[in-house]
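What follows is a single structure, written as structure tokens, with notes after it.
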Amino acid sequence: MLLAPLKLQIPSWQPEPSEPTDKEHTCEIWWDSADGPRLLDTFYVGVPPPAVPQFYEREIAMSDLRDGSRVAHLYYNVRSEGGQSFSDPKVTITIDLERPMLLRPNDTLAFQVPPAPVLDDQYRLDHQPTVFELPTYNIGAPGDRVEIYLSNSPLPPNTPADGESPVDFGTVPRTVTLDSDAFRRLNGGPAYVFFRIFDATGNYSDLSAGLPFVMGGGLPAPSIRPPAYDDQLIKRDDARAGVFVRIDYPGWSATAGHQVIVYWDGRPTAVQAVTRMPLEVEIPWLVLRGNNSVLAAQTVQVSYEVMGLNPSPTMSAPLAVNIDLTIAGQDHLNAPALLNSTLAPVEVEGSTGTNLLVDKDRGNPIRVRVRLFATPQPGDVLHLFWNSQGPVATYTVKAGDAAGTWVNFPDVPATVLDGVALTAHMLHYITSNGVNEQRSPVTTLNTKFLPLPAPVIQHTLTNGYLTCRSQTKPVNGVEWSMLVDGVRWFIAANTNVRVDDIVKFKWQGFNENNWGTRNQNVVFEQSLTWEAAHAVAGATVVMNAFDAALHPLRQFKSATGSYEVWRGGVKVGESSPAYVRIDLTYSTGCYCTPRGVVCS
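Each residue of the sequence shown is one higher than the one before, counting from 97 in the working numbering.
Shown next as structure tokens:
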């Protein structure tokens, strides 16, 4: 009640302003309480229009409601030219902000008749319902009730209550009751009773400490085979790995001929012979899921029934299992398989058609869209994967998104298109509701990006080798030394390179003379801005780092020269590599350098 302002209806009064000359009436809403009268709200009523309603809808603000517990007498008055009138009778409301609290926080319930030595079937029959004595708490009043929780663990349970009872104030001490059949879900052995007190207004106490007792009789509850249940929640990934119920009970032998049925939320598995102990029974998908048209997270009871152990089939204690098989999107016949062929595949919009990108598309935003799956919920997520890498982009379902409408993956990075060969890219997406995932069919994206021409080395080569004798044409009438001035590379003009593009040249050294393995320490990079003159005549790049980039390759090594084109921070093209071998040695073992011949 105190999560929102308290709504009021003030009935219209007579006479109300009706003539143009009538002055407006003032209505004030008050309450009288222990701390005196308080004005809660004021509103004014003038000559229609609007039409006079049957009731004026008003409210008491949260700040007033939460100002403290009180009994308040609510009324209103109306002031007009004719004087002032008050509502009668007053309406009394009680605001209760005090939550129940045990006077001694470690107090527990107490069995009115303690089970000794154990709580068994006979005790349940003799004490239906089971009566508990309730410890004293701060504020007891008619309408108080208690929720009772049972567990085999001394830790407070995080499960729904096993029962509830009104507090009986006619007994000393006060008592509450529990249907004794609730104990049937417990395993034999140590067990505990917890409780929580609720008052009539919804305030509630902390969960109590546990009352220990011993549960007897019956077959022990099953368990879920680890590691599938290591997160305390059965999900679809567990179902794909296989959900197994583990059974272990006394009295089995290899010659006993026992048979067992497992019940999952009341749905039976096929009868299975008990051939070993412990026995693991796999739960088929149809038993695990059931035939619910709408899935929801729930806690189900899992038990088993043994035939042949006793004259009549013997049922085990149940195990409470948390399960959530909900998904983002429609279900499919091959569930729980991750691939859902009913999900729409993505589409990539190119300049020349769908699922095809060409050179003209380089540098432009990559537009990936998909038709939204059935019953989308705000917060559902679609993760886009590109060649199995990712997610490279994510779309989150928003309020108002409808099934079958197009949605676009935002900010797909241009780096997914790195590489220039004719190729096919594989795209898919994963839907997630935060618990379970589904995978869409794959979309094949064809890319036809033609490589830019390789740069051309501007020196003479001997059998493909750059040597001490490699010659270069004079530059601006001045002799050029490959060793002193650097290795010159020419990048030809190309219509796919635009003015103001950034051209990044790279010299990469290799450890052999056949470009086998890259030498990560022998790299030279240089960038230039493509100018209008370059668009006509091309550009020259000089690799002028002899000691770092040429000297390590002097004896029968190799290198490549290549370049990338970047536009607006996005790579839009790259060249084929140019290949060159290097041998700067003489038959004597000496080699040439910018500083002359070195023999060492």
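Note that the Cβ used here is the ideal one computed from N, Cα and C, for glycine as well.
Supposed contact pair residue j and residue i - C-beta distance, whole angstroms, cut 8 Å
i: T438; j: V444; result: Going by Cβ atoms, the distance from T438 to V444 rounds to 21 Å, so no, they are not a contact pair.
i: N592; j: D455; result: 6 Å
i: R458; j: G669; result: 6 Å
i: V242; j: R292; result: 7 Å
i: P318; j: S399; result: 7 Å
i: S108; j: F151; result: 7 Å
i: T365; j: V383; result: 6 Å
i: A510; j: T540; result: Contact doesn't hold; Cβ gap of about 20 Å is too wide.
i: I587; j: Y687; result: Not confirmed; about 29 Å, so no contact.
i: E605; j: A645; result: One detail in the question is off: residue 605 reads as Gly in this sequence, not Glu. Contact holds; Cβ gap of about 6 Å.
i: Q651; j: T681; result: 5 Å
i: L198; j: S301; result: 7 Å
Selected residue, minimal CA-CA separation from residue i, among the options
i: D295; options: L193, Q328 and N617; result: L193
i: D596; options: Q604, T625 and R584; result: T625
i: I191; options: G142, S129, H555 and L251; result: S129
i: V143; options: M197, E124, C123 and P113; result: P113
i: L415; options: E115, T568, D361 and A393; result: D361
i: P461; options: S484, F505 and T371; result: F505
i: E229; options: P238, F290, I357 and G446; result: F290
i: K600; options: P474, W585, N609 and V493; result: W585
i: T656; options: V493, G612, Q485 and L453; result: G612
i: W53; options: T188, T492, G692 and V358; result: The question about residue 53 has no answer here: the residues shown for the chain are numbered 97 through 696.
i: V661; options: A629, T684, P133 and A589; result: A589
i: I598; options: I379, V583, V637 and N609; result: V637
i: E153; options: D163, V141 and G164; result: V141
i: A305; options: D216, P201, N234 and T527; result: P201
i: H223; options: I357, T117, G179 and S276; result: S276
i: S349; options: L405, C123 and V694; result: L405
i: V272; options: I244, T255, T297 and L251; result: I244
i: P149; options: F207, A392, K667 and Q110; result: Q110
i: Y525; options: G486, D258, G338 and R363; result: G486
i: E120; options: A168, E575, G179 and P472; result: G179
i: N418; options: D160, Q397 and T371; result: Q397
i: Q208; options: L198, Q218 and P225; result: P225
i: A431; options: P346, N387 and P474; result: N387
C-alpha distance - residue i paired with residue j, whole-angstrom precision
i: L518; j: R385; result: Residue confidence for L518 is low, a pLDDT of 49 falling below 50, so the modelled location carries little weight and cannot support an answer.
i: T53; j: T543; result: What the structure shows of the chain is the stretch from 97 to 696, and residue 53 is not part of that stretch, so it cannot be assessed.
i: D240; j: V263; result: 6 Å
i: P673; j: L649; result: 18 Å
i: L478; j: T490; result: 6 Å
i: A498; j: I330; result: 29 Å
i: S176; j: F182; result: 12 Å
i: R220; j: T351; result: 34 Å
i: F469; j: L135; result: 53 Å
i: Q328; j: R270; result: 37 Å
i: E115; j: P101; result: 34 Å
i: V516; j: T448; result: Below a pLDDT of 50, predicted positions are generally treated as unreliable, and V516, at 48, falls in that range; the measurement from the model is reported next regardless. Going from the Cα of V516 to the Cα of T448 covers about 18 Å.
i: S249; j: M403; result: 29 Å
i: R691; j: A641; result: 13 Å
i: P537; j: G500; result: 16 Å
i: D203; j: L303; result: 11 Å
i: H630; j: R465; result: 38 Å
i: S412; j: E401; result: 6 Å
i: K653; j: T558; result: 14 Å
i: E533; j: L282; result: 34 Å
i: C695; j: K667; result: 44 Å
i: P472; j: W482; result: 23 Å
Short Cβ contact (8 Å threshold) for residue i with residue j
i: T513; j: L480; result: Looking at the sequence shown, residue 513 is not Thr but Leu. No. Outside cutoff.
i: R332; j: L435; result: no
i: L205; j: E155; result: no
i: Y561; j: D643; result: no
i: D728; j: M311; result: Nothing can be reported for residue 728: it is not among the residues displayed for the chain, which extend from 97 to 696.
i: A278; j: L246; result: yes
i: R321; j: E376; result: yes
i: I235; j: Y172; result: no
DSSP beta-bridge partners of residue i
i: W126; result: L135 and Y171
i: P107; result: F151
i: N418; result: T395
i: Y525; result: L480
i: M639; result: V583
i: E670; result: E660
i: F228; result: F207 and V272
i: L624; result: V599
i: M411; result: E401
i: K544; result: V454
i: E260; result: E243
i: V444; result: V464
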